[in-house]
Amino acid sequence: MSSNSESIGKTLGVVTALCLVCAIFVSFASVQLRPFQDENKAKDIQRNILAAAGFSDVKDVKAVFEQNIEARVINFKTGEFTNTDPKSFDFEKTKFDQKRSIKLDKATDTAGILRMTEESPVYIAKGKNGGIDSIILPIQGYGLWGVMYGFISLEADTTTVKSINFYKHNETPGLGGEIQNKAWVATWSGKQLPIDIVKGTAGSDAHKVDGLSGATLTSKGVDHTVKFWTSENAFGPFLAKVRQGALNNG
């Protein structure tokens with residue numbers, strides 16, 4: 011009995027020690043790799059912002075972003091710029107920080123996001139002459155299976171869509187997942203706000219976009235998302251300021 015007990019005790023000791031060593035190793039690796047993970051995540055966001063602005067196949071993402079994109083933060087209620095660091099936002103997590111966000115009521119929350127930050131980054135793409143080429147706005151809304159994250163790019167007039175780019179979602183491949191299909195994305199170019207996503211063919215109507223075949227709920231999700239973020243409850247006041255020359259005044 012004593013021999014068996016000693017054997018079991020030794021086995022448990024070895025297992026415990028091994029678990030501790032593994033835990034320490036995993037924790038150490040996580041701490042060491044976090045800066046690289048954060049950098050890669052930031053580059054991925056920058057790459058998607060550049061894509062929405064019309065830059066494709068970018069090799070040096072950081073350099074092209076810094077040369078062509080100006081990141082600022084606006085207050086949703088006033089539409090004015092703030093001094094908040096644009097890099098302090100995590101589009102998936104910051105809205106759950108109760109000090110920086112508000113809970114949306116059901117009537118307001120047409121995009122199905124539950125909470126939204128009181129401020130948001132906006133991205134201004136510079137033209138060849140140094141003027142405004144486009145304005146890129148981060149958007150998010152609930153599709154069929156979860157929250158869809160993306161950017162919508164507007165021309166300098168703030169009403170003409172240049173592009174839309176959903177970079178993260180849980181929609182069904184081949185159906186709702188077609189929100190990333192280049193052919194469908196291309197149908198947004200030149201459309202005018204406000205936009206309705208319609209079942210069937212939108213034709214030449216400047217305010218309508220074709221819905222995704224077989225993905226009615228995803229199409230509705232995108233429709234609600236774009237309407238919410240371009241409304242008075244989100245970027246509307248900022249876009250109004252831009253039309254009044256806010257960007258020209260710094």
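Adding 10 to a residue's 1-based position in the sequence shown gives its number in my numbering. Positions of the beta carbon are idealized from the N, C-alpha and C atoms, including for glycine.
Short Cβ contact (7 angstroms threshold) for residue i with residue j
{"i": "serine 229", "j": "isoleucine 207", "result": "yes"}
{"i": "alanine 52", "j": "tyrosine 133", "result": "no"}
{"i": "valine 74", "j": "arginine 57", "result": "no"}
{"i": "asparagine 314", "j": "glycine 156", "result": "Past the edges of the chain, shown from 11 to 260, lies residue 314, and the structure says nothing about it."}
{"i": "serine 163", "j": "alanine 250", "result": "no"}
First and last residue of the uninterrupted beta strand (DSSP E) at residue i
{"i": "valine 195", "result": "No beta strand (DSSP E) contains valine 195, which is instead part of the alpha helix (DSSP H) from 192-196."}
{"i": "glutamate 165", "result": "157-165"}
{"i": "glutamine 150", "result": "142-152"}
{"i": "valine 68", "result": "Element bounds for valine 68: n/a, residue is neither H nor E."}
{"i": "threonine 127", "result": "125-127"}
{"i": "aspartate 220", "result": "218-220"}
{"i": "aspartate 206", "result": "206-208"}
{"i": "asparagine 85", "result": "79-85"}
From the options, residue whose alpha carbon lies closest to that of residue i
{"i": "serine 66", "options": "Asn85, Leu124 and Ser173", "result": "Ser173"}
{"i": "phenylalanine 248", "options": "Ala63, Ser130, Thr170 and Asn78", "result": "Ser130"}
{"i": "glutamate 165", "options": "Leu154, Met158, Ser144 and Gly153", "result": "Ser144"}
{"i": "lysine 103", "options": "Met126, Lys87 and Thr94", "result": "Met126"}
{"i": "glycine 231", "options": "Glu90, Ile205 and Thr211", "result": "Ile205"}
{"i": "leucine 222", "options": "Ala244, Val195, Phe245 and Trp239", "result": "Val195"}
Where residue i falls: helix, strand or coil (DSSP)
{"i": "asparagine 243", "result": "coil"}
{"i": "asparagine 175", "result": "strand"}
{"i": "glutamate 49", "result": "helix"}
{"i": "lysine 116", "result": "coil"}
{"i": "threonine 226", "result": "helix"}
{"i": "leucine 43", "result": "Residue confidence is low: leucine 43 scores 48 on pLDDT, short of 50, so the model does not pin down where it sits. No coordinate-derived value is stated."}
{"i": "alanine 256", "result": "coil"}
{"i": "glutamine 202", "result": "strand"}
{"i": "threonine 26", "result": "helix"}
Span of the alpha helix (DSSP H) around residue i
{"i": "asparagine 180", "result": "No alpha helix (DSSP H) contains asparagine 180, which DSSP labels as neither H nor E."}
Supposed close pair residue i, residue j - CB separation, criterion 8 angstroms
{"i": "lysine 105", "j": "serine 98", "result": "In fact, because the Cβ distance is near 13 angstroms, the residues do not count as touching under 8 angstroms."}
{"i": "threonine 235", "j": "alanine 121", "result": "5 angstroms"}
{"i": "leucine 257", "j": "isoleucine 142", "result": "6 angstroms"}
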